[in-house]
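As numbered in the working numbering, residues 1 to 159 make up the sequence shown, in order.
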Amino acid sequence: NKGKITSNHFQMVVFNFTNNQAVYAQKDISMEETISYINCKMKGGCKVDVVKGQLLFECKENGKVMLEDKVMIDDLDVESVKFRDDEKAIIVKCNENSEDCILRHQTEYTVNNRKNYFNRINFLIDTDPKIVKGMIRAITHMMRLVQERKYHSNKSFEE
Numbered sequence: 001n002k003g004k005i006t007s008n009h010f011q012m013v014v015f016n017f018t019n020n021q022a023v024y025a026q027k028d029i030s031m032e033e034t035i036s037y038i039n040c041k042m043k044g045g046c047k048v049d050v051v052k053g054q055l056l057f058e059c060k061e062n063g064k065v066m067l068e069d070k071v072m073i074d075d076l077d078v079e080s081v082k083f084r085d086d087e088k089a090i091i092v093k094c095n096e097n098s099e100d101c102i103l104r105h106q107t108e109y110t111v112n113n114r115k116n117y118f119n120r121i122n123f124l125i126d127t128d129p130k131i132v133k134g135m136i137r138a139i140t141h142m143m144r145l146v147q148e149r150k151y152h153s154n155k156s157f158e159e
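This is how it looks when you write it as structure tokens:
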């Protein structure tokens with residue numbers, strides 16, 4: 001019987017393969033899915049995108065861009081992602097090696113039409129605890145996808 005696969009052995013292999021597939025069936029959450037989630041939850045006409053490791057943050061009013069922030073995600077501190085109830089926003093700060101890493105352009109439609117550097121970015125959101133928790137997870141996930149080469153996760157943002 002050496003070298004022959006018995007019926008029981010074959011069934012056990014198929015059973016193990018099927019069970020392992022069930023474990024891995026939940027796919028990792030992609031950058032595109034993360035950006036879509038964040039954009040659905042933000043307020044104030046703001047949207048984000050990530051292009052070549054750079055976070056692009058834009059807020060519009062009446063169809064006109066009022067504010068644009070740009071920052072390399074590697075310059076942001078993943079540990080700083082926190083909700084501030086008094087600002088109704090999730091705050092993300094620059095890491096200690098990249099002070100004032102966020103280039104903010106207030107466009108010609110605002111009073112100033114100027115560019116300045118800042119040390120934090122604000123994601124305006126609803127204060128519902130489920131949304132706050134989900135956004136903190138999503139923003140952290142977005143940052144880690146860029147900052148950590150081997151990082152991946154299939155954990156839902158809202159549970």
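No residue lacks a Cβ here, since even glycine has one placed at the ideal position from N, Cα and C.
key: Cβ pair E58, V51 closer than 8 Å   = Here residue 58 corresponds to residue number 58 of the sequence shown, with the count starting at 1. Here residue 51 corresponds to residue number 51 of the sequence shown, with the count starting at 1. No; because the gap between Cβ atoms is not below 8 Å, this pair is not in contact.
Span separating the alpha-carbon of S156 from that of R120 = Locating residue 156 in the sequence shown gives position 156, counting from the first residue. Locating residue 120 in the sequence shown gives position 120, counting from the first residue. Cα-Cα distance, rounded: 26 Å.
inquiry  = Assuming M31 is part of the alpha helix (DSSP H), what are its boundary residues?
reply    = By 1-based counting over the sequence shown, the position of residue 31 is 31. First-last of the alpha helix (DSSP H) with M31: 31–41.
query = Mapping DSSP to helix, strand and coil, what is G27?
reply = Indexing the sequence shown from 1 puts residue 27 at position 27. The sequence shown places Lys at residue 27, rather than the Gly named in the question. Looking at K27 - three-state DSSP - the assignment turns out to be coil, as it is neither helix nor strand.
Nearest residue (CA-CA) to C101, options L55, M143, I29, F118 = Start at 1 with the first residue of the sequence shown, and residue 101 comes out as number 101. The candidate whose alpha carbon is nearest that of C101 is F118.
Coarse secondary structure for R114, derived from DSSP in three states = Translated into the one-based positions of the sequence shown, residue 114 becomes position 114. R114: strand per DSSP, three-state reduction.
message = Between which residues of its own chain and K82 is the CB-CB distance below 8 Å, once the five residues before and five after are set aside?
response = To locate residue 82, count along the sequence shown from 1; it is residue 82. These residues qualify, in order along the chain: I90, I91, I136.
ask   = How would you label M142, buried or exposed, when you count the other beta carbons within 10 angstroms and need 16 or more for buried?
value = Translated into the one-based positions of the sequence shown, residue 142 becomes position 142. Counting Cβ neighbours within 10 Å, M142 comes out buried, since at least 16 surround it.
message = Quick check on Y151: does DSSP put it in helix, strand or coil?
response = Counted from its first residue, the sequence shown places residue 151 at position 151. Correct three-state label for Y151: coil.
query = Can you give the Cα-Cα distance for K27 and Y37, rounded to whole angstroms?
reply = Along the sequence shown, read from residue 1 onward, the residue named residue 27 stands at position 27. Along the sequence shown, read from residue 1 onward, the residue named residue 37 stands at position 37. So the alpha carbons of these two residues sit roughly 16 Å apart.
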